[in-house]
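**Student:** Encoded as C-alpha cells, here's the structure I'll be asking about.
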Amino acid sequence: MKSVIPVLLIIVFFASCTSKFGRVLKSKDNEYKLKMAEQYYVQKKYDQAQQIFDEIFAYFKGDPRFENMYFKYAYCAFYSQDYTSSENLFKTFTESFPNSPKEDEAEYMRAYCYYKQSPKVDLDQTNTQKTISLLQAFINTHGESSRVKEATAIMDICRKKLEQKQANNAKLYYSLGNYQASAVSFQTVLEDFPDSEKGDEYKLNIIKGYFKYAQMSIPSRQEERFNKVIQECADFGDRFPDSKLKSQVANYKTQSINTIKQLKDEQAKATTQL
C-alpha cells in the first residue's frame, strides 16, 4: 500500500500540471498567456511555451514585444530538437528583424541548425555543405562577432567530414578493383583539401592506384602507365619531402622503373627474333 501512495501523488501532480496548462490555453487573457509562455520558457518547458506563443502571435504582431517572442519561439523549436522548423524560424527572424541586436545570433543559429542535422559520414552531406556555406556567410558579415571562433571550429569539423566521405569513396573504388577511378578520386580529395594532414597518405594512394592500373593494363599500354606512376612519385617527393611514407613511394618507383626496363628488354628480344 505504501508503494502505491507515491505513484498516486505523481499522477495527481501531472494531472494538475496538465489541467493548469489547459486552463492557460483556454484563457482569453493574452497578456496572461504571454506571461505564462515566458514562465514555461524559463522552466525549459519548451513544448508548452511554443504552443502558447503560437496562439498569441496574431494578437501581439506589431507589439514591441513581438520580436523577443518570435526569437524565443525559434529557440523552442531548437530545444525541442525540431531543427528543420528552427532553421526556418531563425531565417524568418533575420528577414523580419534585420536591425535587431539578436540578428547575428539568429543567423548563426540558422547555420547551427543545419549542423545539428549533419548526418554520419557515409550519408548524404547536403546539410554539412549548407552549414559551411551559411557559417562562411556569417563570418563574412559578422567578423567581429564573439561566435566567429566557434563558427570556424564547426566549419573545420564539417570540412573533415566531407573530406572523409570523399576519401572513403576513393578507397571503395580501390577495393572494387577500379584502380584508375580510385587514383583520380584521391587526386580530387587532395585538390579539394590541399591543407589536409593526410595529404601524403592521399598522394600515396594515388600512386598505388595508378600502379595497380598499370599492372592490369595490356602490355602495349604498360610503359606509358608505369611512367605515370614514376611522375606521381616525383611529385610526392616535391610536395612531401619529410613524409614518413617516402620509403613506400620509393618502392613503387623502383618497381615501376624495373618493370619498364623489363618491358623494353622483352620488346628488344622480340625485335631481334624477327
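Under our numbering, the first residue of the sequence shown is numbered 9, with each subsequent residue one higher. Glycine included, C-beta positions come from ideal geometry on N, C-alpha and C.
Within a Cβ cutoff of 6 Å, which residues of the same chain sit near H150, ignoring the five residues on either side of it in sequence?
**Tutor:** D112
**Student:** What is the DSSP secondary structure of T279, reduced to helix, strand or coil?
**Tutor:** helix
**Student:** List in chain order: all unbroken alpha helix (DSSP H) runs of 4+ residues lying wholly within the stretch 240-281.
**Tutor:** 254-281
**Student:** Can you grab the Cα-Cα spacing for the pair M224 / Q133, in whole Å?
**Tutor:** 34 Å
**Student:** If you follow the alpha helix (DSSP H) that D62 is in, where does it begin and where does it stop?
**Tutor:** 54-68
**Student:** Among residues of its own chain, excluding the 5 on either side of M163, which ones have a beta-carbon nearer than 6 Å to its beta-carbon?
**Tutor:** I140, L143
**Student:** CA-CA distance, L253 and Y210?
**Tutor:** 11 Å
**Student:** Measuring only the C-alpha atoms, how far is Y116 from Q58?
**Tutor:** 21 Å
**Student:** Answer with buried or exposed for D62, where buried requires no fewer than 16 other C-beta atoms within 10 angstroms of its C-beta.
**Tutor:** exposed
**Student:** Can you tell me which of the three DSSP states E46 falls into?
**Tutor:** helix
**Student:** From Q137 to D203, what distance separates their C-alpha atoms?
**Tutor:** 18 Å
**Student:** Label D208 either buried or exposed according to how many other C-beta atoms from any shown protein chain fall within 10 Å of its C-beta, with 16 as the threshold for buried.
**Tutor:** buried
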